[in-house]
Structures are given as C-alpha cells and as structure tokens.
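Here is the structure we will look at, set down as structure tokens.
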Amino acid sequence: MKKLIKIAGYQGKESVHTRAMHKFISLIKNEFSISFIEDITSNNKKASDLISQTQNGEINISYLFTSYFTNLIPELLYLDLPFYFNSKEEAFNDLNKNLKPMINDELKNKHNLFLLGFWDNGTRHISSSKKFIHTPKDCNEQIIRTTPNQLHIDTFKSFGFIPKPLDVLDFKKALLTGDLDAQENPITNFYQFKVYKKQKYFTKTAHVYGFCLFLINKNYFQKLSDNETKLLIKSANTTNSFQKKLAHEEEQKLFKKIKSENVKISNISKKNKSEFKKISEPFHIEFFKKFKTLNF
Numbered sequence: 178m179k180k181l182i183k184i185a186g187y188q189g190k191e192s193v194h195t196r197a198m199h200k201f202i203s204l205i206k207n208e209f210s211i212s213f214i215e216d217i218t219s220n221n222k223k224a225s226d227l228i229s230q231t232q233n234g235e236i237n238i239s240y241l242f243t244s245y246f247t248n249l250i251p252e253l254l255y256l257d258l259p260f261y262f263n264s265k266e267e268a269f270n271d272l273n274k275n276l277k278p279m280i281n282d283e284l285k286n287k288h289n290l291f292l293l294g295f296w297d298n299g300t301r302h303i304s305s306s307k308k309f310i311h312t313p314k315d316c317n318e319q320i321i322r323t324t325p326n327q328l329h330i331d332t333f334k335s336f337g338f339i340p341k342p343l344d345v346l347d348f349k350k351a352l353l354t355g356d357l358d359a360q361e362n363p364i365t366n367f368y369q370f371k372v373y374k375k376q377k378y379f380t381k382t383a384h385v386y387g388f389c390l391f392l393i394n395k396n397y398f399q400k401l402s403d404n405e406t407k408l409l410i411k412s413a414n415t416t417n418s419f420q421k422k423l424a425h426e427e428e429q430k431l432f433k434k435i436k437s438e439n440v441k442i443s444n445i446s447k448k449n450k451s452e453f454k455k456i457s458e459p460f461h462i463e464f465f466k467k468f469k470t471l472n473f
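Start counting the sequence shown at 178; every next residue gets the next number (this note's numbering).
Laid out in structure tokens, this is it:
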C-alpha cells in the first residue's frame, strides 16, 4: 500500500508555484498516494497557516514566502531588506552559499521542518491606482498593502506610504472593497490576484527579490525508507530547477499580458532608485547591528 503524502499551497492552478508542485507530484506519484490542496485560501484559510499545519503534520509538504517565517527565523529578514540586493542572481547566490545551512539547521532543530529547497518567488514591484512610484514623493498618503513583516511596514512608512499589512486572504478581500491605493508584489501575484483590475500603474522598482521555502514535515520525512527519502530529495532537486526556469519564463509572459489589460508599466531611474535606497539604508544598518554574522 502506498504511503499517503499530504501537500498544500496558497495559489491558484495557473501560478508558477502550483505548476511546480504538480511537477513534483508527477515525479513521486508512482511511489506515493497524493493529496494536494492547491490553494488553502480558497477554503478561507490564511497562507501563513501552512507553517503550523506543516509543523504539526496536518500537511506533510508545502511552500511559503520567506517573509512569513521571519518570526521563527529572524535572520530571514536579510532577504527582505528593500533596495539592498543589486540583482536576483546576487540574492540567490547569498541564499545558497551563506544562508542555506543556517536555515536548514533552524528548521530541523527548532521547528520540526526540513528544507527541500528554495523557489523563486519573483521580483517585487509596486503598483498603484493613482500614479507611478518614481520618487518618495509619489508614495505620500497612499495606502499600501505590505506583507505582515515589521521591516517592510517600517520601510514603506519611511517612503511616505501608509502601510496596511495583510495576509494573502485579507489582501484579496481588500482589493475587492477598494481599501488600497497601492501594493507591492511579484508580477505573478499581481496577475493571479487580478490586481490589474484595480491598479493600472505598475512601477518596476525591483525593491526585493523574493524566495519561497519548499518544506516537508521533519517527523514524516524521518520515517520514510531510504528509497523513499532518495526519491523525494531527487524529485525536489528536479522541481527546484524546473520552478526557477518556469518563474523566469512566466515573468516575461506576464508583462505582455498586463499590458493587454491596459496596465501602464514604467521603469524607475537609477537616480530615483538611489533615493529609495538612501531612505532604506538606516534599516539595513540596524539589521546588521542585530545580525552581525550576516554582513557577508
């Protein structure tokens, strides 16, 4: 009899993450019986619930944006420092080279989780229903949805925004009610959550390069046979490469799609970006005072 493996995510069937998980399932389905909830928010659950559900074994495997883990592993805020990294490649290299061992040790030793890999959660940009965000002055008095992450809340407030931290579930509701002027997300979320219906000004700020943790419940993982363990690790590695490639391809396609929805897209100049970076630097300095070992 095949062992049941319970998998869950928080995005719709067309998302890169859901498609990557289906790839993973296709690689293990001959050895495991699969239960997959693509989007727990459609069942009125919060995306952040995936953490506790994976920890307690209600779910065996899940993925989630690193920002949701910063209460458990504060060092992950390193990846959330706005306007810190110069490119996605730089951020990915730091993550794999410098952070991976520490993250996996923390997950295994303190949180009953095991790291299967990192997924590309997209480059985060800012959209608005009012105007392009070219300078900090453009942020003034705009209500912006941020993730429930104190670093982001404080940083966006310093730009001039009025931050409204919301989980994915509440973010979707706020979009429908028109409670937001702006939001910051990768283009995949901008499209999948239909933000383009409410906000037509999209500024390519690239202020954060986002990542997801791809996880398995540690107790479940440790009870697997050697062959099952090898299959999961090999399948996860294949899926991680597939997801990264898919994320890049999808990003290019979606910029064309949102243009067809009459979304106006603008780049931010180097000079203007340096203004945002200057405002962000005190938060960078404060972070590295707290986590001295991360100042690579």
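For every residue, glycine included, the Cβ atom is placed at its ideal position computed from N, Cα and C.
Would you give the residue range spanned by the alpha helix (DSSP H) that E428 belongs to?
Here the alpha helix (DSSP H) through E428 covers D403 to S437.
Where does I228 fall in DSSP's three states?
The answer is helix: DSSP assigns I228 an H, G or I state.
Assign M132 to buried or exposed, taking buried as 16 or more other Cβ atoms, counted over all protein chains shown, within 10 Å of its Cβ.
With the chain covering only 178 through 473, there is no way to say anything about residue 132.
In three-state DSSP terms, what is F269?
If DSSP states are grouped into helix, strand and coil, F269 belongs with the helices.
Rounded straight-line distance, which links the Cα of K469 to that of M279:
A direct Cα-Cα distance of roughly 14 Å separates M279 from K469.
Could you tell me which of K180, Y187 and N281 sits nearest to Q369, measuring between CA atoms?
It is Y187.
Any idea what DSSP makes of D216, helix, strand or coil?
Three-state result, D216: strand.
In whole angstroms, what separates the C-alpha of I410 from that of S418?
Computed Cα separation, rounded: 13 Å.
P259: buried (16+ other C-beta within 10 angstroms of its C-beta) or exposed?
With 16 or more other CB atoms across the displayed protein chains lying within 10 angstroms of its CB, P259 is buried.
Pick out whichever of F464, N289 and R301 has its Cα sitting closest to the Cα of S482.
There is no way to answer for residue 482, as the model of the chain reaches only from 178 to 473.
When DSSP labels each residue in this structure, what does T300 get in the three-state scheme?
Shown here, T300 sits in a strand according to DSSP, grouped into three states.
Taking the beta strand (DSSP E) that T312 belongs to, which residues open and close that run?
Unbroken run through T312: none, as it is neither H nor E.
Mind pulling the alpha helix (DSSP H) runs of 4 or more residues that sit fully within the region 350-397?
Counting only runs of 4 or more residues that sit fully inside the region 350-397, the alpha helix (DSSP H) segments are 364-369, in chain order.
Excluding the five sequence neighbours on either side, which residues of its own chain have a C-beta within less than 7 Å of the C-beta of L471, listed in chain order?
Excluding the 5 residues flanking it on each side, L471 has same chain C-beta neighbours closer than 7 Å at E252, Y255 and F465, in chain order.
For I442, which residues from the same chain have a beta carbon less than 6 Å from its beta carbon, with the 5 sequence-adjacent residues on both sides left out?
Around I442: F379.
I'd like to know whether the C-beta atoms of D257 and N326 end up nearer to each other than 8 Å.
Yes; because the gap between Cβ atoms is below 8 Å, this pair is in contact.
Contacts around K308, its chain only, beta-carbon distance under 7 Å, and the 5 residues preceding and following it disregarded:
Cβ neighbours of K308 within its own chain (closer than 7 Å, five residues either side excluded): D315 and Y378.
Ends of the beta strand (DSSP E) at T323?
Following the DSSP letters along the chain, one finds T323 inside the beta strand (DSSP E) bounded by residues I320 to T323.
With burial defined as no fewer than 16 other Cβ atoms inside 10 Å of the residue's Cβ, what is the status of F436: buried or exposed?
For clarity, residue 436 is Lys in the given sequence; the question names Phe instead. Exposed, because fewer than 16 other Cβ atoms sit within 10 Å of the Cβ of K436.
Give a yes or no on whether the C-beta atoms belonging to K350 and I320 are separated by under 8 Å.
The criterion of a C-beta distance shorter than 8 Å is not satisfied by K350 and I320.
Cutting at 7 Å between CB atoms, please list the residues of its own chain near K183, excluding the five before and the five after it.
These residues qualify, in order along the chain: S212, I236 and N237.
Would you call the CB atoms of W296 and Q420 closer than 8 Å?
Yes, Cβ-Cβ distance for W296 and Q420 is below 8 Å.
On the premise that R301 lies in contact with G387, defined as a C-beta separation below 8 Å, what is that separation, rounded to the nearest angstrom?
Contact between G387 and R301 holds: their C-beta atoms lie close to 6 Å from each other, under 8 Å.
Given a cut-off of 8 Å, decide if K180 and S210 are closer than it, judged by their beta-carbon atoms.
Yes.
Option in L293, N449 and Y373 with minimal Cα separation from Y240:
For Y240, the closest C-alpha among the options L293, N449 and Y373 is that of L293.
What residues are listed by DSSP as bridge partners for L241?
Checking the DSSP bridge columns, you'll see L241 partnered with L390.
Below 6 Å CB to CB, which residues in the same chain sit around I250 once its five sequence neighbours on both sides are set aside?
A distance below 6 Å between beta-carbons, with the five flanking residues on each side excluded, links I250 to the following residues of its chain, in chain order: E283.
What three-state label does DSSP hand N275 in the structure shown?
It is helical.
Option in H194, G299 and I445 with minimal Cα separation from P363
Per the Cα distances, G299.
Rounded to whole angstroms, what's the CA-CA distance from T312 to F338? Just pull it up for me.
Note on geometry: alpha-carbon atoms of T312 and F338 lie some 12 Å from one another.
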